[in-house]
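Participant: Handing you a structure now.
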Amino acid sequence: MSPVTAGVLQLLALIAALALAYRPLGDYMARVYSSEKHYRPEKWIYKAIGANPSAEMRWPAYLRAVLAFSAVSVLFLYLLQRLQGSLPGSLGFVSIGPDQAFNTAASFVANTNWQSYYGEQAMGHVVQTGGLAVQNFVSAAVGMAVAVALVRGFSRSRTGELGNFWSDLVRGTVRILLPIAVIGALVLVACGVIQNFAGIHEVGQFTGGTQQWNGGAVASQEVIKELGTNGGGYFNANSAHPFETPTPFSNLFEIFLILVIPFAMTRTFGKMVGSVKQGYAILATMGIIWLGFTALMMWTEFAHHGPAFDVAGGAMEGKETRFGIGGSSIFAVATTLTSTGAVNSFHSSYTGFGGGITMLGMQLGEIAPGGVGSGLYGMLIMAIIAVFIAGLMVGRTPEYLGKKIGTREIKLAACYILITPALVLCFTAAAMALPTPGNSMTNSGAHGFSEILYAYTSGANNNGSAFAGLNADTQWFNSTIGIAMLLGRFLPMVFVLALAGSLAEQKPVPETAGTLRTDKPLYAGLLVGTILIITGLTYFPALALGPLAEGLAS
């Protein structure tokens, strides 16, 4: 079987698995977030944190709860790292330095999981399981809660109430993420992923000596790292490490975990607003972009010219032979079109155009299908922009799901889409203008610029992957990327929740003959075009200096 055929078959198997899970998981999540029943373990949690899960919140209260919970999480994870040297199970590792501890705490709480350290050489069992793995669950649940609050803004009328954050957080964790993670961890263990609390030990006899590896609760962290679109690996090699992803099947299964909730949440959206066709329209938009990017990535990596590449069957530098071009390309697109950031190959070694595809996937806003929760609310913001553009074309006040998109709504949507590009481009410009940050670049020219542009794109979009050619463990990058991650995560949530509150206060607008049908293929095409044009206009100059220049020169 040729490598191209193997890659296509993997893609088809993945699509079939996602299709089978779409309806049952989407319907289940809709029931979870619509239920008024609280299970006994959930009641214990509410009692422990002093929350009333039945109290409805308007958007300012919902936002305060999100920010307060996240701020406490950052402080807790920061202190846990700073005290690591005094904790049991530290494997002899010293406490993490202040700037790196801040960067890591901001990273995992913001669902970014950017890592400027070697996991197996820096973090002990307590920090890995009690700190990082816990944030993998709750940071994902925060994103899902905010998405559900926006959906309620569309489905409710004449009220500013968006639900209860604490209830949404706990249900998302206990009823959705935890059960799937338990099953997924068992599958990964069966595939050969390790799960233990072993210490550091020597393995094998290598030229010049032995190699030291440490064990860990890898399977349980690996599954939620993918399922929650987090991405932070137990080992520095991330999902390329055989302890994390040992086989081609485990690789495909992890891609499935990355995509299953973001895609299924479009079904949840459709059920909660009372029109599954609206969910299908959003799903179609996500699917078109994801399939297009995957096909383009596989083409550019398989078709790379040159004798060495022809012999290898494509651009194999930086890729694992057990995954090949196909499995690596599918993984790379899935992880950068979502906020996962996990890598099973090194994006810096991709072709110039291939590296540009991974970068553009993040710059779209990670909405195809995006992170858990964040992908849905990002896509709904773009849906509002598309409706507004369509309204301008025909001179009619735009409407979406029975809600008028007025001046306030479009201003909030516009602020949302401007935040991340501003962070990426301003921080990249500062890093290139100052003398010190440039010393961290492994390469010069267009590829070196791409390393820095990719780093801030990854941080501000809460992705977490890296080009792997940039030394980001410096005070400048730890601090600035940490700030970019926090602002890129929580500033957009301010506008999302404000928009949700504004929509919930409106009374429904009756559908007329002039209402744009947002559940039709025409609208899905308009939405795809809106996303690509807005992103292209925003990032094209920067992309032209980096991956496009490199691709055209090769």
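The end of the sequence shown is residue 622 by our numbering, with every number in the run present.
Cβ coordinates follow ideal geometry from the N, Cα and C atoms, glycine included.
What first and last residue would you give for the alpha helix (DSSP H) that runs through valine 194?
Facilitator: Counting along the chain, valine 194 falls outside any alpha helix (DSSP H), and DSSP gives it neither H nor E.
Participant: Taking only the alpha-carbon atoms, compute the straight-line gap between serine 288 and threonine 525 and give it to the nearest angstrom.
Facilitator: Spanning the two alpha carbons is a distance of roughly 28 Å.
Participant: What residues in its chain sit with their C-beta under 6 Å from that of serine 338, if we drop five residues either side in the sequence?
Facilitator: The sequence given here has glycine at residue 338, not serine. Excluding residues within five positions, the ones whose Cβ falls inside 6 Å are Val344, Gln346 and Gly347.
Participant: Is it true that the stretch 208-215 meets the stretch 585-598, where meeting means three or more beta-carbon pairs spaced less than 8 Å apart?
Facilitator: These segments do not touch.
Participant: Checking the sheet assignment: what are the DSSP bridge partners for asparagine 531?
Facilitator: Asparagine 531 is not bridged to any residue.
Participant: Given a cut-off of 8 Å, decide if leucine 237 and valine 210 are closer than it, judged by their beta-carbon atoms.
Facilitator: Yes, the pair counts as a contact, with Cβ atoms nearer than the cut-off.
Participant: Using DSSP's beta-bridge definition, name the partner residues of lysine 387.
Facilitator: Answer by DSSP bridge pairing, in chain order: Ser413.
Participant: Would you list the one or two residues that DSSP bridges to leucine 538?
Facilitator: Per DSSP, Met509.
Participant: Quick check: what's the CA-CA separation for leucine 131 versus glycine 386?
Facilitator: Using only the alpha carbons, I get a separation of about 42 Å.
Participant: Under 8 Å, do phenylalanine 265 and histidine 193 count as touching if we go by C-beta distance?
Facilitator: Their beta carbons are under 8 Å apart, which means phenylalanine 265 touches histidine 193 by this criterion.
Participant: Would you please state the rounded distance, in angstroms, between the beta carbons of tyrosine 185 and aspartate 541? I believe it to be under 8 Å.
Facilitator: Yes, they are in contact, since the Cβ atoms of tyrosine 185 and aspartate 541 sit about 6 Å apart, within 8 Å.
Participant: Write down every uninterrupted run of the alpha helix (DSSP H) in the stretch 224-283 whose length is 4 residues or greater and which is fully enclosed by it, in chain order.
Facilitator: Listed in chain order, the complete alpha helix (DSSP H) runs (minimum 4 residues) inside the stretch 224-283 are 233-239 and 246-259.
Participant: Below 8 Å between beta carbons: does that hold for phenylalanine 421 and proline 615?
Facilitator: Their beta carbons are under 8 Å apart, which means phenylalanine 421 touches proline 615 by this criterion.
Participant: Just mark phenylalanine 608 as buried or exposed, buried being the case when its beta carbon has 16 or more other beta carbons within 10 Å.
Facilitator: Exposed, by the Cβ-count rule.
Participant: State yes or no: is the C-beta of glutamine 149 within less than 8 Å of the C-beta of phenylalanine 161?
Facilitator: No, the pair does not count as a contact, with Cβ atoms beyond the cut-off.
Participant: If you follow the alpha helix (DSSP H) that asparagine 171 is part of, which residue opens it and which one closes it?
Facilitator: Unbroken alpha helix (DSSP H) run through asparagine 171: 166-177.
Participant: Please check the pair leucine 327 and valine 291, which I expect to be a contact at CB under 8 Å, by giving their CB distance rounded to whole angstroms.
Facilitator: With a Cβ gap of about 14 Å, leucine 327 and valine 291 do not count as contacting.
Participant: In the DSSP assignment, what are the bridge partners of lysine 472?
Facilitator: Bridge partners of lysine 472: Glu467.
Participant: Spell out the partners DSSP gives arginine 126 in its beta bridges.
Facilitator: In the DSSP output, where bridge partners are listed per residue, arginine 126 has Glu229.
Participant: Would the stretch 541-554 count as touching the stretch 428-438 if we require 3 or more Cβ pairs under 8 Å?
Facilitator: No, because fewer than three Cβ pairs between the stretch 541-554 and the stretch 428-438 fall closer than 8 Å, the two stretches do not touch.
Participant: In angstroms, rounded to a whole number, what distance separates the CA positions of alanine 85 and serine 154?
Facilitator: Going by the C-alpha atoms only, they are around 45 Å apart.
Participant: Could you tell me which of Met509, Met461 and Met365 sits nearest to tyrosine 418, measuring between CA atoms?
Facilitator: Ranking the options by Cα distance to tyrosine 418, first place goes to Met365.
Participant: State the start and end residues of the unbroken alpha helix (DSSP H) segment that holds asparagine 319.
Facilitator: Here the alpha helix (DSSP H) through asparagine 319 covers 316-341.
Participant: Among Gly392, Val250, Glu618 and Gly240, which one has its Cα closest to the Cα of alanine 98?
Facilitator: Residue Gly240 is the option with its Cα nearest to alanine 98.
Participant: Could you name the residues of the same chain whose beta carbon sits closer than 6 Å to that of alanine 592, not counting the 5 residues immediately before and after it, in chain order?
Facilitator: For alanine 592, where only same-chain residues beyond five positions count, the Cβ hits under 6 Å are Ala349, Ala352 and Thr353.
Participant: Where does the unbroken alpha helix (DSSP H) through arginine 99 begin, and where does it stop?
Facilitator: Run containing arginine 99: 71-102, per the alpha helix (DSSP H) assignment.
Participant: For proline 560, which residues in the same chain have their Cβ closer than 6 Å to its Cβ, ignoring the five residues on either side in sequence?
Facilitator: Tyr484 and Ile487, listed in sequence order.
Participant: Between alanine 383 and arginine 476, what straight-line distance do the alpha-carbon atoms span, to the nearest angstrom?
Facilitator: Rounded to whole angstroms, alanine 383 to arginine 476 spans 49 Å at the Cα level.
Participant: Could you give the C-beta distance for glycine 355 and glutamine 78, rounded to a whole number, given that I count them as a contact under 8 Å?
Facilitator: Contact doesn't hold; Cβ gap of about 17 Å is too wide.
Participant: Does the pairing of the stretch 227-237 with the stretch 120-134 give three or more beta-carbon distances under 8 Å?
Facilitator: Cβ pair count under 8 Å is three or more, so yes.
Participant: Using the beta-carbon count (16 or more within 10 Å), is glutamate 447 buried or exposed?
Facilitator: For clarity, residue 447 is methionine in the given sequence; the question names glutamate instead. Buried.
Participant: Does DSSP put arginine 132 in a helix, in a strand, or in coil?
Facilitator: Helix, per DSSP.
Participant: Between glycine 527 and leucine 405, what straight-line distance do the alpha-carbon atoms span, to the nearest angstrom?
Facilitator: For glycine 527 and leucine 405, the distance between alpha carbons rounds to 14 Å.
Participant: What residue from Leu320, Thr606, Ala581 and Gly409 has the CA that sits closest to arginine 464's CA?
Facilitator: Of the listed residues, the one whose Cα sits closest to arginine 464 is Ala581.
Participant: What does the alpha-carbon distance come out to for the pair isoleucine 262 and glycine 284?
Facilitator: C-alpha separation (whole angstroms): 7 Å.
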